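Reading through the structure tokens given below for one structure.
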Amino acid sequence: MLTIHQLNKRFDHLQAVKDFNLVMQPGEFVTLLGPSGSGKTTVLRMVAGLESPTSGSIHLGDVDVTHLTPQKRNIGLVFQSYALFPNMSAYENIAFPLHVRKQDKHTIQKRVNELLALIGLTNRKDHLPHQLSGGERQRVALARALSFHPPLLLLDEPLSALDAKVRQSLRITLKEIQRTLGVTTLMVTHDQEEALELSDRIVVMAKGAVEQVGTAMDIYYAPQTAFTEGFIGETNPITAEVLDVIASPIGEKIYNLRWHHHVFSWLADRHIEPQGTSITIGIRPESFHFLPVGGHGSIEATIVDKLFFGSVTRFIVKLPDHTTVKVDAMSAISQQYPIGAKVGLLITDPRLPIGFVDEAVTMTANPS
Numbered sequence: 120m121l122t123i124h125q126l127n128k129r130f131d132h133l134q135a136v137k138d139f140n141l142v143m144q145p146g147e148f149v150t151l152l153g154p155s156g157s158g159k160t161t162v163l164r165m166v167a168g169l170e171s172p173t174s175g176s177i178h179l180g181d182v183d184v185t186h187l188t189p190q191k192r193n194i195g196l197v198f199q200s201y202a203l204f205p206n207m208s209a210y211e212n213i214a215f216p217l218h219v220r221k222q223d224k225h226t227i228q229k230r231v232n233e234l235l236a237l238i239g240l241t242n243r244k245d246h247l248p249h250q251l252s253g254g255e256r257q258r259v260a261l262a263r264a265l266s267f268h269p270p271l272l273l274l275d276e277p278l279s280a281l282d283a284k285v286r287q288s289l290r291i292t293l294k295e296i297q298r299t300l301g302v303t304t305l306m307v308t309h310d311q312e313e314a315l316e317l318s319d320r321i322v323v324m325a326k327g328a329v330e331q332v333g334t335a336m337d338i339y340y341a342p343q344t345a346f347t348e349g350f351i352g353e354t355n356p357i358t359a360e361v362l363d364v365i366a367s368p369i370g371e372k373i374y375n376l377r378w379h380h381h382v383f384s385w386l387a388d389r390h391i392e393p394q395g396t397s398i399t400i401g402i403r404p405e406s407f408h409f410l411p412v413g414g415h416g417s418i419e420a421t422i423v424d425k426l427f428f429g430s431v432t433r434f435i436v437k438l439p440d441h442t443t444v445k446v447d448a449m450s451a452i453s454q455q456y457p458i459g460a461k462v463g464l465l466i467t468d469p470r471l472p473i474g475f476v477d478e479a480v481t482m483t484a485n486p487s
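Counting from 120, one number per residue, gives the positions in the sequence shown under the numbering used here.
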């Protein structure tokens, strides 16, 4: 559907995008995720035709659109700022692209009414933008971008201007609409939660280059670079000793690791020298578990602080070597563990498969 090959963009001495490649399948929802300055918005603008690439190509299906104007690409685009016509009603805003394309009255009416029903605004179709809430305005902007059946929908941080509760609701609406219509969608965001929730695949970017492409599960549990590991969610870096390696029944390598005196296993897809090699791996806060002190080979630790995040409480736990780790647990059990309490700490779900051997060799692994 969308094929981007070796795309580069340079602004004077700044390389904004470096050798960007992406192939999207029809109906796929892909998100470009990264911090400010990562190049994600520049890629989107080049796909939209709002920026010209320094080199590389962009194809929609079999058509090379690299140097076509935005109008000739026939792509739907939703901005963060809605960009609705203030003197037009919701109905008229959605109908506008169809009038420009000289569709007949019956076709326009049928399509607009379908979209109004889809976004749940049939009863507010005559309202002007200033009479609609932020979430309603963004739904109108989305319907307008979809009105002419574009082969590709581009979303430029579409939810970032909304408050948290509306943003959460609109994520559900956006995904439902995208699935219902089957439109191929490319979104830009810096919001990790948004990307993880909405995307079929995520492209993590930093400094103009692609760090990793994968599903939400791949990105969260199997980050391939130190940047992805640090940018997506939170981790606790721990240094563990490789004790030995065994083969699984299907020929995969299972590494037994020791952290303090706690032993756990990893399923690795890269070779690591066993027996005595120290590696640094990241463990998610939710992958730890509290036990009574001394239970099941756990590490004795002390709770030094805890932070309430609603349904989840984060504990700051000090280890015997005076280092600390973050542990997330359901708030319902948090009163069982006051500050100052001694606990046994266990890794029960070590699914952060990134590690470094001698700070150079990256390991990807999964729990055995």
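No residue lacks a Cβ here, since even glycine has one placed at the ideal position from N, Cα and C.
All values reported here derive from a predicted model rather than from experimental measurement.
Just to confirm my understanding: we take Lys437, look at its own chain, exclude 5 residues before and 5 after, and list those with CB closer than 7 angstroms. What are they?
Ala420, Thr421, Val423, Thr443
Opposite Val446 in the DSSP bridges: which residues?
Phe434
Compare the beta carbon distance of Ile238 and Arg258 with 8 angstroms and say whether it is the shorter of the two.
yes
Between the C-alpha atoms of Asn127 and Ser157, what's the straight-line distance to the nearest angstrom?
13 angstroms
Would you mind listing the beta strand (DSSP E) stretches within the stretch 133 to 186 that are 3+ residues and don't spill past its ends, in chain order?
133 to 143, 148 to 152, 174 to 179
Cβ atoms of Val307 and Leu464: under 8 angstroms apart, would you say?
no
Pair every Cβ in the stretch 291 to 310 with every Cβ in the stretch 268 to 282, then say whether three or more of these pairs are closer than 8 angstroms.
yes
Beta-bridge partners of His249, as assigned by DSSP
None, per the DSSP bridge assignment.
contact_flag[the stretch 398 to 409, the stretch 353 to 363] where n(CB pairs < 8 angstroms) is 3 or more
yes
Own chain residues within Cβ distance below 7 angstroms of Val142, not counting five before or after
Thr122
Helix, strand or coil: how does DSSP classify Gln343 here?
coil
What is the DSSP secondary structure of Tyr210, reduced to helix, strand or coil?
helix
Counting only the same chain and skipping the five closest in sequence on each side, list residues whose C-beta sits under 8 angstroms from that of Asp131.
none
Measure the beta-carbon distance from Asp183 to Ser208 and round it to whole angstroms, keeping in mind my assumption that it falls under 8 angstroms.
38 angstroms between Cβ atoms; not a contact.
Which of helix, strand or coil does DSSP assign to Leu471?
Residue confidence for Leu471 is low, a pLDDT of 44 falling below 50, so the modelled location carries little weight; the figure read from the coordinates is stated next. Leu471: coil per DSSP, three-state reduction.
Three-state secondary structure assigned by DSSP to Asn242:
helix
Roughly how many whole angstroms lie between the Cα atoms of Asn485 and Ser384?
Confidence at Asn485 is low in this model, with a pLDDT of 39, below 50, so the placement of that residue should be treated as unreliable; the coordinate-derived value is given next. Near 9 angstroms, if we compare the C-alpha coordinates of Ser384 and Asn485.
Determine, using beta carbons only, whether Val332 and Arg320 come nearer to each other than 8 angstroms.
yes
Could you give the C-beta distance for Ala88 and Ala260, rounded to a whole number, given that I count them as a contact under 8 angstroms?
Since the first residue shown for the chain is 120 and the last is 487, residue 88 is missing from the structure and cannot be characterised.
Taking the C-alpha atoms as reference points, what is the distance between Ser279 and Ile213?
22 angstroms
Name the two residues that bound the continuous beta strand (DSSP E) containing Ala451.
From DSSP, Ala451 is part of no beta strand (DSSP E); its letter is neither H nor E.
Just the Cα atoms here: how many angstroms apart are Ile402 and Tyr340?
10 angstroms
Based on the DSSP secondary-structure assignment, which residues constitute the bridge partners of Ala336?
Note that residue 336 is Met in the sequence shown here, rather than Ala. Met336 pairs with nothing; no bridge assigned.
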